[in-house]
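> Per full-length UniProt numbering, residue 1 is the first one in the sequence shown, and the count goes up by one each step.
Glycine residues also receive a C-beta, built at the ideal position from the N, C-alpha and C atoms.
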Amino acid sequence: MNLGKRLVLIGDSITEWGKNEDPEGIGRGYVRLIHDYLRVTEPEKNYEIFNKGIGGNRITDLEARWQEDVLDLMPDTVSISIGINDVWRQLDQPELEQVAPDKFEQKYRKLLSQIKAATHANIILMEPTIINEEINSEGNQKLKAYVEIVNKLAGEFDTLLVPTHQAFIEYLQKDSRYYLTTDGVHMNSAGNLLMANQWIKAVKNL
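1) Just checking, does the region 28-38 make contact with the region 49-66 on the three C-beta pairs under 8 Å criterion?
2) What is the DSSP secondary structure of valine 99, counted as helix, strand or coil?
3) In this structure, how does DSSP classify lysine 33 when only helix, strand and coil are distinguished?
4) Is the distance from the Cβ of glutamate 138 to the Cβ of leucine 91 below 8 Å?
5) So, helix, strand or coil for arginine 58, using DSSP?
6) How about phenylalanine 157 and isoleucine 123: do their beta carbons lie closer than 8 Å?
7) What are the boundary residues of the alpha helix (DSSP H) that lysine 52 is part of?
8) What distance in whole Å lies between the Cβ atoms of threonine 60 and lysine 116, which are believed to be in contact at a cut-off of 8 Å?
9) DSSP beta-bridge partners for arginine 6?
10) At 4 residues or longer, what runs of the alpha helix (DSSP H) sit wholly inside the region 104-186?
11) Does the separation of the CB atoms of leucine 143 and aspartate 76 fall below 8 Å?
12) If you check the beta carbons only, do isoleucine 84 and proline 43 fall under 8 Å apart?
13) Suppose you measure from the CA of methionine 126 to the CA of lysine 45; what does that come to, to the nearest Å?
14) Cutting at 8 Å between CB atoms, please list the residues of its own chain near glutamate 63, excluding the five before and the five after it.
15) What number of angstroms, rounded off, separates the C-alpha of residue 207 from the C-alpha of glycine 25?
16) For serine 79, is the classification buried or exposed, using 16 other Cβ atoms within 10 angstroms of its Cβ as the cut-off for buried?
17) Span of the alpha helix (DSSP H) holding isoleucine 80?
18) Using a Cβ-Cβ cut-off of 7 Å (strictly less than) and excluding sequence neighbours within five positions of alanine 118, which residues of its own chain qualify?
What follows is the structure, encoded as structure tokens:
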């Protein structure tokens, strides 16, 4: 895949991870690892990489800032990682207005349509990762529908798909007992490496 020069990676706190304390605004999560990999392996391309993750975001929050944080930047590549909070809020804040799977799909499709209409950007969809490092946790069971929607939309819009959820599940099935998150959701350095590795593999395999 020719990523172009300008890359926007957008999502929630998993994407944001440390960007507000970083003078470069890249953070210390999977976006940092992708940034460093690209800058080291293809220095001549002088990539511009924008971390547009914001903690707590759901698909509805992305919709509210889509114009400013994606379309106005005229990116060559847009990478989206969203869906964890759409499920997690159902568990930890059930009093909120929730984003059910059908609403998630409708909002996501709208955002992808806007990219297609306004830019020539490559689109990369990352599956939402995990909620608790237990394969059969309530969060992971609820998450399945959202992962399926991301896969469906990747096919519908002919985008690159990064099988992040699948990779985490396969890791958990091996029962290494080495954790990838700090709290079941937010990545430690190993979890960020898994995410970045899946992203890079997906891009290189095209």
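The answer reads as follows:
1) yes
2) For the purposes of this step, residue 99 is taken as the residue at position 99 of the sequence shown. Coil, per DSSP.
3) Against the sequence shown, residue 33 aligns to sequence position 33. Sequence check: residue 33 is leucine here, not lysine. Helix at leucine 33.
4) The residue given as residue 138 occupies position 138 in the sequence shown. The residue given as residue 91 occupies position 91 in the sequence shown. Cβ distance < 8 Å, so glutamate 138 and leucine 91 count as in contact.
5) Walking along the sequence shown from the start, residue 58 turns up at place 58. Of the three classes helix, strand and coil, the one that applies to arginine 58 here is coil, per DSSP.
6) Looking up residue 157 in the sequence shown gives position 157. Looking up residue 123 in the sequence shown gives position 123. Against a cut-off of 8 Å, the Cβ pair of isoleucine 123 and phenylalanine 157 comes out as a contact.
7) By 1-based counting over the sequence shown, the position of residue 52 is 52. Lysine 52 -> not in any alpha helix (DSSP H); beta strand (DSSP E) instead, spanning 48-53.
8) Taking the sequence shown and counting its residues from 1, the one referred to as residue 116 is at position 116. Taking the sequence shown and counting its residues from 1, the one referred to as residue 60 is at position 60. Not confirmed; about 20 Å, so no contact.
9) Taking the first residue of the sequence shown as 1, we reach residue 6 at position 6. Answer by DSSP bridge pairing, in chain order: Glu48.
10) 138-156, 164-173
11) Within the sequence shown, residue 143 is the residue found at index 143, counting from 1. Within the sequence shown, residue 76 is the residue found at index 76, counting from 1. No; because the gap between Cβ atoms is not below 8 Å, this pair is not in contact.
12) By one-based count along the sequence shown, residue 84 stands at place 84. By one-based count along the sequence shown, residue 43 stands at place 43. No, these two residues do not count as a Cβ contact at 8 Å.
13) Residue numbering aside, residue 126 sits at position 126 when the sequence shown is read from its first letter. Residue numbering aside, residue 45 sits at position 45 when the sequence shown is read from its first letter. Each residue's Cα considered, the two are about 24 Å apart.
14) Along the sequence shown, one-based indexing puts residue 63 at 63. Lys107, Lys110, Leu111.
15) Missing from the structure shown is residue 207; the chain here goes from 1 to 206 and no further.
16) Position 79 of the sequence shown, counted from the start, is the residue given in the question as residue 79. Buried.
17) Your numbering for residue 80 matches position 80 in the sequence shown. Not the alpha helix (DSSP H): isoleucine 80 falls in the beta strand (DSSP E), residues 77-81.
18) Walking along the sequence shown from the start, residue 118 turns up at place 118. Only Leu71 meet the Cβ criterion.
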